[in-house]
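Chemist: Residue numbers (this note's numbering): 84 to 120.
No residue lacks a Cβ here, since even glycine has one placed at the ideal position from N, Cα and C.
Keep in mind the model is a prediction, meaning the values are calculated, not measured.
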Amino acid sequence: RIQSGSYLSTGWFTLILAMDMCKEIHIYGMINETYCK
84 RIQSGSYLST GWFTLILAMD MCKEIHIYGM INETYCK
(Lines of atoms letter the chains of each structure in order from A and count residues from 1; the text may use other names and numbers.)
(Lines give C-alpha, C1' and ligand atoms only; values in the text may rest on other atoms or scores of the structure.)
Protein backbone atom coordinates (compact mmCIF):
# COMPACT_ATOMS: atom_id res chain seq x y z
CA ARG A 1 0.00 0.00 0.00
CA ILE A 2 2.82 2.41 0.73
CA GLN A 3 4.40 1.98 -2.72
CA SER A 4 1.11 2.49 -4.55
CA GLY A 5 0.15 5.53 -2.46
CA SER A 6 -3.29 4.13 -1.59
CA TYR A 7 -4.43 4.05 2.00
CA LEU A 8 -7.74 2.24 2.28
CA SER A 9 -9.55 1.87 5.58
CA THR A 10 -9.98 -1.42 7.39
CA GLY A 11 -13.70 -1.11 6.63
CA TRP A 12 -12.92 -1.30 2.93
CA PHE A 13 -10.88 -4.48 3.41
CA THR A 14 -13.69 -5.96 5.51
CA LEU A 15 -16.16 -5.16 2.73
CA ILE A 16 -13.95 -6.89 0.15
CA LEU A 17 -13.63 -9.93 2.43
CA ALA A 18 -17.40 -10.06 3.00
CA MET A 19 -18.05 -9.81 -0.75
CA ASP A 20 -15.74 -12.77 -1.28
CA MET A 21 -17.13 -14.92 1.55
CA CYS A 22 -20.85 -14.15 1.54
CA LYS A 23 -23.59 -14.74 -1.00
CA GLU A 24 -25.34 -11.47 -0.11
CA ILE A 25 -24.33 -8.50 2.07
CA HIS A 26 -26.24 -5.47 3.32
CA ILE A 27 -24.30 -2.27 3.98
CA TYR A 28 -25.78 0.16 6.48
CA GLY A 29 -26.21 3.63 5.03
CA MET A 30 -26.08 2.58 1.39
CA ILE A 31 -29.16 2.93 -0.82
CA ASN A 32 -30.27 0.54 -3.54
CA GLU A 33 -30.66 1.34 -7.22
CA THR A 34 -34.45 1.87 -6.95
CA TYR A 35 -34.31 4.36 -4.05
CA CYS A 36 -34.90 7.51 -6.17
CA LYS A 37 -37.51 6.03 -8.53
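What is the DSSP secondary structure of T117, reduced to helix, strand or coil?
Modeler: In the sequence shown, counting from the first residue as 1, residue 117 sits at position 34. Coil.
Chemist: Which residues bound the alpha helix (DSSP H) around G94?
Modeler: Residue mapping note: residue 94 aligns to position 11 of the sequence shown, counting from 1. Run containing G94: 93-104, per the alpha helix (DSSP H) assignment.
Chemist: Report, in whole angstroms, the separation of the C-beta atoms of I108 and M102, which I expect to be a contact under 8 angstroms.
Modeler: Here residue 108 refers to the residue found at position 25 when the sequence shown is read from its first residue. Here residue 102 refers to the residue found at position 19 when the sequence shown is read from its first residue. With 8 angstroms as the limit, I108 and M102 qualify as a contact, their Cβ atoms being about 6 angstroms apart.
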